[in-house]
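Numbering (the working numbering), first residue to last: 4 to 343.
Every residue gets a Cβ at the ideal spot worked out from N, C-alpha and C, and that includes glycine.
A quick note: this is a predicted structure, and the numbers were derived from the prediction, not measured.
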Ligand SMILES: Nc1nc2c(c(=O)[nH]1)N[C@H]1C(S)=C(S)[C@@H](COP(=O)(O)O)O[C@H]1N2
Ligand SMILES: [Mo]
């Protein structure tokens, strides 16, 4: 398949061998041995020792990864045990309609899938990728891999599979507004935000978003000069063409936020999460991106990079060049060289 038909809308390809680590970074340290539990509405509850899962993981499949924060990887060769085979052993009862997956992590991270979708998706309980055992940061020793869904459905450190009658919303789906269907071809990234409109109006008028939960808010075109938005939750927020001179977004979560065409002169993004955020055509003169997370952020339009303005005072860490996808990091290097 040609690359452009294989890449879902709004995604960028990561460099080969440069698999980003997203979300939790390590499993919970626990003394008891790792086992895979299959429980809930099943005729045969199971506790399968890790070694047995590893022995049963004999299927190899090339799978494309699509993260909701806009990076993709083609054809990672996963080795695992088909989830359907694990479930067949446990014999789901007729009332079971959803599958909840729970991680061995300190926050008991979780996600879920409708049982009826499993036939088409054919997930793997994976133990290895590209010929190497999965490392801990990428979900080793045991991780769920769900082809055809955003990667947040691919739970790291899989410990429990529970068959349930009613859906149990996963961690991101519950706390971050991630779409429960998660089909990258239909760009099902987020649910429509449920914001208190009076609160949004008040915050816009006061230009104060500090520590507020405003995911998905629409502030496009607003004059928000000197906005204070420290530590705000602003995933998928819309700031296109807004005036944000001297705005302070330190520590804010701005993953997938839209800043296209915004005036961000002297804005501060220190320590902000900007994974998947877009800045095409923005004015970034004097903006401070120190210690920001920029995995798969878009700074420049590939066909007219000059539309985005940077100057000698625009501050990016060396880490930014590592986190941006290859095309964007090349464009940033070129823009920086043009200034210097
Ligand atoms: N246990 C656990 N699994 C998780 C997450 C997490 O935070 N905890 N994040 C999800 C998200 S949003 C993504 S994109 C992928 C990232 O996997 P990676 O770090 O191997 O790239 O893991 C998914 N599974
Ligand atoms: Mo993700």
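For residue 22, which option in 178, 285 and 154 has the closest C-alpha, if you only look at C-alpha atoms? 154
Might you give, ordered along the chain, the residues of its own chain that have their beta carbon closer than 8 Å to the beta carbon of residue 239, omitting 5 neighbours on each side? 180, 192, 193, 196, 218, 219, 258, 259, 260 and 261
Pocket of ligand 2 (residues with CB nearer than 6 Å to any heavy atom), chain order: 25, 70, 71, 72, 154 and 155
Please tell me whether residue 87 and residue 121 are closer than 7 Å, where the distance is taken between their beta carbons. yes
Under a three-way DSSP split, which group does residue 332 fall into? helix
Where does residue 80 land, buried or exposed, given buried means 16+ other C-beta within 10 angstroms? exposed
From this set, 168, 215 and 50, which residue's C-alpha is nearest residue 98's C-alpha? 168
Please report the residue range of the beta strand (DSSP E) in which residue 43 lies. 38-43
Bridge partners for residue 102 per DSSP, in chain order? 116 and 166
Taking C-beta to C-beta, are residue 319 and residue 302 nearer than 7 Å? no
Is it buried or exposed, residue 329, if we count other Cβ atoms within 10 angstroms and call 16 or more buried? exposed
Can you check DSSP and say which residues form a bridge with residue 246? 226 and 266
Taking all protein chains shown into account, decide if residue 141 is buried (16 or more other Cβ within 10 angstroms of its Cβ) or exposed. buried
Using 6 Å as the cut-off, classify the Cβ of residue 74 as near or not near the heavy atoms of ligand 4, replying yes or no. Ligand 4 is not among the ligands present in this structure, which contains only ligand 1 and ligand 2.
Locate the beta strand (DSSP E) running through residue 75, then write down its first and last residues. 74-85
Tell me which residue opens and which closes the beta strand (DSSP E) that residue 63 is part of. 62-69
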